[in-house]
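To keep things clear, I will list the structure first and then write my remarks on it.
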Amino acid sequence: MSDAFSLPIGPNGKSSSSHESGCGKCGDCSCSGDSKNHRDDASHHSHANQAAPSEKTAPSNDALLTPDEHVLSTLERDGSRRWLRPKLSMGDWWKKRRVVAYILMVVFVAIPHLRIGGKPVVLLDLVSRQLTVLGKTFYPTDTLILAFGMLSVFITIVLITAIAGRAWCGWACPQTVYMEFLFRPIDRFFEGTSGKGGKPKANMGGIRSVARIAVYVVLCMFLAHTFLAYFVGTDRLAEWVRMSPLEHPSAFLVMAAVTGLMLFDFLIFREQLCLIACPYGRFQSVMLDEQSKIVAYDPVRGEPRVKGKRPSSKPAGDCVDCNQCVVVCPTGIDIRDGLQMECINCTQCIDACNSVMEKVGLPTGLIRYSSQDEIARKPKKLLRARTIVYPIILLAVMSGFAYAVSSKVGFDARLLRGKGAPFSINNNGSVNNSFKLRLVNRTHDDQNYTITIDQPEGVTLEVIQQELLSLPPGGNVLVPLSVEFKPLLTRGKGNTQATMVVRDESDHSDEIDFKILGPR
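If you use the UniProt record's numbering, the sequence shown corresponds to residues 1 to 520, in order.
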């Protein structure tokens with residue numbers, strides 16, 4: 001596999017830095033790099049030795065080490081920020097991504113408003129410690145279900161990456177979707193570039209700059225409110241919007257913080273989130289193999305690169321060295337350098353290259369969705385270790401998830417031992433144990449519950465507050481219970497096994513095994 005951390009090198013193996021056009025003997029001159037035209041005289045570099053002998057001479061630019069490569073595609077060689085304004089290539093792949101992106105935006109905004117059986121499609125209620133997915137509510141006690149669910153998501157991501165590479169990054173990641181199909185088009189509108197890339201054509205001072213930031217603020221606030229709806233629900237959010245922020249300061253601060261983070265990300269940090277902060281690009285080195293689909297340049301067909309008219313006497317590849325694949329890249333890399341951590345598989349270089357190939361009358365696909373083995377002209381292997389083992393593991397985990405969900409009854413019952421002494425002796429000589437039953441109604445209807453002791457015989461159960469056994473949908477109560485029995489049951493061991501049965505109106509039942517304690 002190619003080095004996942006290789007960085008952009010210019011055409012024909014030269015550095016792509018703007019310093020390349022300089023003479024190479026100083027860091028700030030602008031003379032031609034051609035040795036024939038270079039004035040190699042003392043006056044041309046006199047700045048390197050003008051200090052008096054008695055003074056401590058500062059190191060000249062000649063003495064400084066010049067890096068052979070960019071540390072990051074968003075950094076200049078002097079360490080300053082390199083602001084990327086990529087050109088837009090509106091090819092077939094871009095049109096497909098645009099459709100997917102707009103669908104995902106609509107889905108993100110719509111999901112908090114959708115209901116199934118009166119419950120939200122997705123709601124992560126942190127205050128009540130409840131997770132609702134597709135109308136089903138899960139609680140912290142559903143650890144097995146939550147574990148199976150998270151494992152299923154993780155293995156699915158690993159499987160998709162092994163087969164389709166970084167399809168998530170280029171097609172579905174919120175950072176890519178909103179950056180490339182919402183905020184960057186806004187930049188192009190105000191800067192007057194119309195997707196041509198490069199520096200702004202319009203004057204970005206004054207009202208244009210203020211208007212652009214104002215649009216960013218409005219959109220980020222809207223997205224922040226939508227994000228908040230996933231945690232508090234649309235009904236509660238609608239109430240808060242109509243109220244003063246002072247009446248719900250915590251929620252308002254969360255919304256303001258999310259808005260601020262989004263503004264920082266989309267206005268300032270931008271593509272650096274993918275290059276610096278997101279760990280997924282680094283994980284690709286272990287999740288990809290040589291058969292995984294990636295956006296790749298075909299060096300066998302493209303090399304050697306020839307700019308301009310193609311010579312008949314020398315071998316020439318199909319790459320015309322137009323650099324269009326570089327100027328359209330939203331992360332600023334050169335796809336011709338091979339597999340790189342910065343590549344998000346956005347397919348912009350594919351569209352740009354195909355457009356050029358059509359213009360010069362050459363076959364398209366010089367840059368294409370392929371694999372490292374296919375590029376090296378090795379046979380394609382659909383069945384390999386990862387594509388066999390991952391689906392088997394995923395099937396096993398999802399089967400466990402389905403069983404755990406289907407075996408859940410319409411209520412939760414959990415028995416807790418009361419505080420204080422483990423048991424007490426009544427005046428009539430019987431032994432008493434105190435318990436509390438945590439009861440949760442998972443259904444969409446009102447439910448009445450009954451509680452009985454199945455075994456052993458001779459044990460009497462008393463519900464202290466009988467009215468607590470009637471619960472509304474989603475109801476959650478703690479029912480105090482008293483268990484009374486004769487001391488003969490625990491004589492010799494100090495405890496004995498018992499079974500409590502909880503039933504609802506639908507005759508669903510849950511058996512709880514517990515121990516009653518008494519004198520030896």
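We put the beta carbon where it would ideally sit given N, CA and C, even for glycine.
Arg384 versus Glu290 - alpha carbon distance: Those two C-alpha atoms are separated by around 11 Å.
DSSP has Asp510 in a bridge; who is on the other side? Beta-bridge pairing links Asp510 to Val502.
DSSP-derived helix/strand/coil call for Ile464: Taken through DSSP and simplified to helix, strand or coil, Ile464 comes out as coil.
_If I follow the unbroken beta strand (DSSP E) through Ala296, where does it start and stop?_
Where Ala296 is concerned, the enclosing beta strand (DSSP E) stretches over 294-297.
Ile425 in three-state terms, based on DSSP: Under the three-state reduction of DSSP output, Ile425 falls in the strand class.
| request: Answer yes or no: do Met105 and Val177 have a C-beta to C-beta separation smaller than 8 Å? | output: Yes, the Cβ-Cβ distance between Met105 and Val177 is below 8 Å.
Sequence-distant residues of the same chain with beta carbon closer than 8 Å to Asp492, five excluded per side: The sequence shown places Gly at residue 492, rather than the Asp named in the question. The residues Arg520, in chain order, have a CB closer than 8 Å to that of Gly492 in the same chain once the five nearest residues on each side in sequence are set aside.
- Item | Simplified DSSP state of Ser30, which is helix, strand or coil | With a pLDDT of only 36 at Ser30, under 50, the local geometry of the prediction cannot be trusted, and the value read off the model is given with reservation. Three-state result, Ser30: coil.
Under the rule that 16 or more other beta-carbon atoms within 10 Å means buried, what is Met150, buried or exposed? Exposed, since its Cβ has fewer than 16 Cβ neighbours within 10 Å.
Item to complete: Would you identify the three-state DSSP class for Glu484, choosing helix, strand or coil?
Response: Note: Glu484 maps to strand in three-state DSSP.
*Beta carbon of Thr347 nearer than 8 Å to that of Arg97*: Contact: yes.
Grouping DSSP H, G and I as helix and E and B as strand, with all else coil, what is Pro120? In the structure shown, Pro120 sits in a strand (DSSP, three-state: E or B).
Next item on the list: Would you mind giving the Cβ-Cβ distance between Thr452 and Leu461, rounded to the nearest angstrom? I have them listed as a contact below 8 Å.
Entry: Rounded, the Cβ-Cβ distance is 7 Å, consistent with contact.
Next item on the list: Would you check if the stretch 356-367 and the stretch 307-326 touch, i.e. whether three or more CB-CB distances between them fall below 8 Å?
Entry: For the pair of segments examined, the stretch 307-326 was found to touch the stretch 356-367: the number of CB pairs separated by less than 8 Å reaches three.
Where in the stretch 162-248 do unbroken runs of the alpha helix (DSSP H), each at least 4 residues long, occur, reported from the N-terminal end onward?
As far as the stretch 162-248 is concerned, its whole alpha helix (DSSP H) runs of at least 4 residues are 174-178, 184-191, 207-232, 234-242.
ask   = Do three or more CB pairs link the stretch 152-168 to the stretch 73-82 at distances below 8 Å?
value = The stretch 152-168, when compared against the stretch 73-82, does not touch it at the 8 Å Cβ threshold.
Inset, instruction - Starting from the C-beta of Phe252, find all residues in its chain whose C-beta is less than 7 Å away, skip the five residues before and the five after it, and write them out in chain order. - result: Around Phe252: Pro245.
**OP:** Return the Cβ separation of Ile335 and Val306 in integer angstroms, given the expectation that the two are a contact with Cβ distance under 8 Å.
**Re:** Contact doesn't hold; Cβ gap of about 18 Å is too wide.
Beta-carbon separation (whole angstroms), Arg282 vs Met341, contact threshold 8 Å: With a beta-carbon spacing of about 6 Å, Arg282 and Met341 fall inside the 8 Å limit used to define contacts.
* **Whole-angstrom distance between Val71 and Phe227, CA atom to CA atom** => Val71 has its alpha-carbon roughly 35 Å from the corresponding atom of Phe227.
- Item | As assigned by DSSP and simplified to three states, the class of residue 522 | The chain is shown only over 1 to 520; residue 522 falls outside these bounds and no answer can be derived.
TODO: Could I get the ranges of all uninterrupted alpha helix (DSSP H) runs contained in the stretch 345-428, with 4 residues as the minimum, in chain order?
DONE: For the stretch 345-428, whole alpha helix (DSSP H) runs of length 4 or above, ordered along the chain, are 348-360, 372-375, 385-406.
Q. At which residues does the beta strand (DSSP E) containing Ile451 begin and terminate?
A. Membership of Ile451 in the beta strand (DSSP E) is indicated by the continuous run 450-455.
Tell me the DSSP secondary structure of Gln291 in three-state form. Three-state result, Gln291: coil.
Practice item. Excluding the 5 residues preceding and the 5 following Phe190 in the sequence, name in chain order all residues of the same chain whose CB lies nearer than 6 Å to its CB. Key: Closer than 6 Å at Cβ, skipping near neighbours: Arg208, Arg212.
Near Arg129, which residues of its chain fall below 8 Å by C-beta distance, leaving aside the five closest residues on each side in sequence? So the list reads Tyr139, Pro140, once near-sequence residues are dropped.
- Query: What residue does the beta strand (DSSP E) around Phe138 start on, and which one ends it?
  - Reply: Looking at the DSSP string, the run of the beta strand (DSSP E) that includes Phe138 is 136-138.
What separation, rounded to the nearest whole angstrom, lies between the Cα atoms of Val100 and Thr132? C-alpha separation (whole angstroms): 26 Å.
Looking only at its chain, what residues have a beta carbon closer than 6 Å to the beta carbon of Gln175, apart from the 5 residues adjacent to it on each side?
Counting only Cβ-Cβ distances below 6 Å, and skipping sequence neighbours, we find Leu273.
Item checked: Cut-off 7 Å between Cβ atoms - residues of its own chain near Asn345, not counting five sequence neighbours on either side -> The answer, listed in chain order, is Gly165, Arg166, Ala167, Cys169, Gly170, Ile294, Val295.
Practice problem: Would you please state the rounded distance, in angstroms, between the beta carbons of Met500 and Leu415? I believe it to be under 8 Å. | Solution: The beta-carbon distance between Met500 and Leu415, rounded to whole angstroms, is 6 Å. This is short enough to meet the 8 Å contact definition.
Ignore the nearest five residues each way along the sequence and tell me which others in Met204's own chain have a CB closer than 8 Å to its CB.
Phe190, Glu191, Arg212.
Practice prompt. Sort out for me which residues DSSP pairs Ser470 with in a bridge.
Written response: Note: Ser470 sits in a beta bridge opposite Asn448.
Notebook entry, point to check: When DSSP labels each residue in this structure, what does Ile103 get in the three-state scheme?
Noted result: Three-state result, Ile103: helix.
Just to confirm my understanding: we take Leu159, look at its own chain, exclude 5 residues before and 5 after, and list those with CB closer than 7 Å. What are they? So the list reads Tyr390, Pro391, Leu394, once near-sequence residues are dropped.
In whole angstroms, give me the CA-to-CA distance for Lys486 and Phe411. Cα to Cα, the separation comes out at about 32 Å.
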